[in-house]
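Worksheet for the structure shown next.
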Amino acid sequence: MCARDVTPVVEAQPPPPKHHKHLERLKHKHNIVTDPNDAEKQKEVAYQPDLLAVSTQYTKVAYDLFKAAFEQLQETKAYVIATKTSQPFHVALAIAVLLFWLSRPGSDANLRGWRALYVGAVATHLGAQVWMTLVSGIVLYFSLPRHEFGRVQTVLFPTYYAFNAGVSMVALLAYFRMQCLTRFSHASWAQFALLLAVFSIEAYVRFCLVSPMLRAKHIKTQMEEVAGGGQEVGRLILGELAHCPRYLRVLKTFRMYHSTIAMGTMIALGCSMYSTMIIVDSICRTSESEMMKCERKSNLHTKMILDRCKTVLILSSVVCTLAVVISLYKLLSYDAKFTKPFSPIPAGLYGNHLEPFEDQTPLPAIPKKLDKARDAEAVVSLNAALEMKKNGKADKALKLFQHAFALSPKHADILNHYGEFLEDTKKDVVRADQLYTLALTNFPDHTGALMNRQRTASIVENLDREMLKKIDEKRDALSSIPENNAALRRAKKEAYFQHIYHTVGIEGNTMSLSQTRSILETRIAVAGKSIDEHNEILGLDAAMKYINQTLLYRLRDITMGDILEIHKRVLGHVDPVEGGHFRRTQVYVGGHIPPGPSEISRLMTQFLEWLNSEDAMELHPVRYAALAHYKLVHIHPFVDGNGRTSRLLMNLLLMQAGYPPVIIAKQHRHLYYQHLQTANEGDVRPFVRFIAQCTERTLNLYLWATSEYSHMVPAIGEPHILTGEGFEEDLL
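First residue of the sequence shown? That's 27 in the working numbering, and the numbers climb one at a time after it.
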């Protein structure tokens, strides 16, 4: 074979790679980056996004969010119940049995489903009632310390009554729907009424009684913990609390709510048992009908069953009635001194009289011959104002009424017509009622003022009650904030500085808020200010700390020594000689002449008897504190520091009732003294309203400072933030 006949073997070549745009871009980018001579292209590449890095970053963010959400889900009660307990299997089993039962052939599945829902709701409701009565009401009470049992009730009561109200509503709706599918009968309406009564009772208990009962229990528990009680099991041992009127008042309030809840629960239990007996009776009648069709011989047996059911029903009704009667007797007769009815508020506590001590201020003598010129001008202004009012010119009439009132502030006709004008055109019933009262104070037989006063008295009382109710709601909102809340701690600190600043400012102290804060925090003197102004701040700080550490949580009555100790600290840095001692000279305060030195001891004893009396403590806390403030400052037992001591006593009473220390702004000093003067003239209600307004403004400060929209604690002198513009008009 010739060499030329041999053909060369061609090596196999791999196919050319396919053109890949993404790969080409990566190669191009790599070539540019690795080319050190092309700086511009390298700079351009530096700003090109790395798609892999970006996608990885977003994936990581999404994963982190999913992980955080899952961790948050793991902390929820629903996740723990679904994964760590057997309750979901119980529910699943119940649903499976229900679906199997509904799928059986027979009567209408729709009607069968409503019947199952109705009977299941009634059975669940009755079981919950029995469990609450026996397990929670008896077993736990005699197994746990009383305070531990109270904590269980705090969690259990809202949940139980909300659950039972919901279940009873489901039973009511299911029964109504079931009867609509068949027909109503006499027994059906009775059953419907029973279910409606159960739902109404338990809904009322949940929404109207549980919350105030738990608030009273919380206050009672705090006082018992301070006294070292509450660890006994199955009984109540009062100890020294038996001599504390404040504790007895709280205990009586708690028992009143608890007794009402217990009576409602027993009535609901009786209705549930009666409703269950009706179901049993219905089953027996159905069985009787079926047996009569199949076996006529069993009539006697069926009648016996019906008779037994009726007997059980009658016995159950009797037992429920006896249980209600016995429980009422136990609840209302247990230690009767705690549950005796309180007397109505005497007129001397909130009217024109200033009992329990006699007002020593001389009444303004009405001269026999009035200043004819001023009186004539006032009457002319009054007639002109009435004419303007008749013609519909309210603005001019208002100015003329104000001019007439300024000329003759005690003229009964001017006061009466001015009040009618405010009531008709300005809808200011409160101010009008105040003018009618002032007219009757000076001229008790004025017919027009008397009729107007009788008409407006109930309206004003309702307005005052609504105002105090709104204040209580804000107090409860503040009480719900945890003590360890950072915003609340910051608000307390800032409000403390503002309280001292405004309290000493009312007495004429010229320190600014920042200077007051500096003195309290550093104890360094401020240049250019007097020593007395420094000492007033330090004295008030010492008195506040004494109240907070000694008197606030003490269970005994307020004594004479307590008031003297407060005054001793208020005046201790300014005048140590007079601090803690009653005055020995006569003093004069504007147009008010306080009692003489020889009367102070007797009047202070009467004041303390009133302060610690049950009738006084039955008042609303704001009224109680305001009246205590006024009565003490009216006696004026000290040479100096009477106002500060009275305001501290007022704040002590308010703090014991759950309110923060009230700040009376120095900007409203003239209103403060004006309402005190009005109280001296016979009507203390405007002063009580003023204190209530200041209480609400202080609560607004705390609520604003602890809200999610606040980054700082506002000053109490900012009405546009706290209560809106026109605060002074509201107080006038």
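The beta-carbon is built from N, C-alpha and C at its ideal position, and this holds for glycine as well.
Unbroken stretches of the alpha helix (DSSP H), 4 residues or longer, contained in the segment 592-637: 623-637
Backbone secondary structure at V406 - three-state DSSP: helix
Inter-residue spacing [alpha-carbon to alpha-carbon] between P184 and G153: 17 Å
Same chain, Cβ closer than 7 Å to F523, five either side skipped, listed in chain order: L539, T542, R543 and L546
R609 to S624 span [Cα, whole Å]: 10 Å
When N706, T180 and R272 are compared against H284, the one with the closest alpha-carbon: T180
Beta-ladder partner(s) of P171, from DSSP: V259
Residues of its chain near I592, where Cβ-Cβ distance is below 6 Å and the 5 sequence neighbours each way are ignored: A569, T671 and L674
Presumed contact (8 Å Cβ cut-off) between K555 and L725, rounded CB distance: So it is not a contact: roughly 32 Å between Cβ atoms.
Segment contact, 8 Å Cβ cut-off, at least three pairs: the segment 524-536 with the segment 574-590: no
Assigned exposure category for F233 - 16 Cβ within 10 Å defines buried: exposed
Alpha carbon of V145 to alpha carbon of A197, nearest angstrom: 8 Å
Under the three-state DSSP convention, the category V156 falls into: helix
Span of the alpha helix (DSSP H) around K453: It is not in any alpha helix (DSSP H) - K453 carries neither H nor E in the DSSP assignment.
Cutoff 8 Å; reference A646; Cβ partners in own chain excluding five residues on either side: Here the sequence assigns His to residue 646, which means Ala is not the residue at that position. Cβ neighbours of H646 beyond the five flanking positions: L494.
Extent of the continuous alpha helix (DSSP H) to which N574 belongs: Unbroken run through N574: none, as it is neither H nor E.
Nearest neighbour of V259, chosen from P171, V688 and T467 [CA to CA]: P171
Contact belief for V459 with R479 at Cβ below 8 Å, rounded distance in angstroms: Going by the sequence as given, residue 459 is Asp instead of Val. About 7 Å; that satisfies the 8 Å criterion.
Reduced DSSP category for D567 - H, G, I as helix; E, B as strand; rest coil: helix
Beta carbon of A731 nearer than 7 Å to that of H528: no
For F237, the nearest candidate out of M204, L220 and T286 (CA to CA): Just to set this straight, residue 237 is Ser in the shown sequence, not Phe. Ranking M204, L220 and T286 by Cα distance to S237 puts T286 first.
E533 - DSSP class collapsed to helix/strand/coil: coil
Nearest-angstrom Cα separation, counted from R281 out to R261: 14 Å
CA nearest to the CA of V405, picked from L581, N510 and D439: D439
Pairwise C-alpha distance: Y186 and I304: 25 Å
C-alpha gap between S505 and G684, whole angstroms: 7 Å
Burial state of L220, where buried means 16 or more other Cβ atoms lie within 10 Å: buried
Cβ neighbours of V276 in the same chain (closer than 8 Å, five flanking residues each side left out): A242, I245, K246 and M249
Distance, P508 Cα to L514 Cα: 8 Å
Candidates V688, R695 and N638: closest to H525 by CA position: V688
CA-to-CA distance, Q100 to C720, given in whole angstroms: 46 Å
K9 vs F447 beta-carbon contact at 7 Å: Only positions 27 to 758 of the chain appear in this structure, which leaves residue 9 out of reach.
Alpha-carbon spacing of P114 relative to T102, whole angstroms: 15 Å
Selection from L597, H660, A652 and T467 that minimises the alpha carbon distance to I626: H660
First and last residue of the uninterrupted alpha helix (DSSP H) at A551: From DSSP, A551 is part of no alpha helix (DSSP H); its letter is neither H nor E.
A104 classed as buried or exposed, judged by whether at least 16 other C-beta atoms fall within 10 angstroms: exposed
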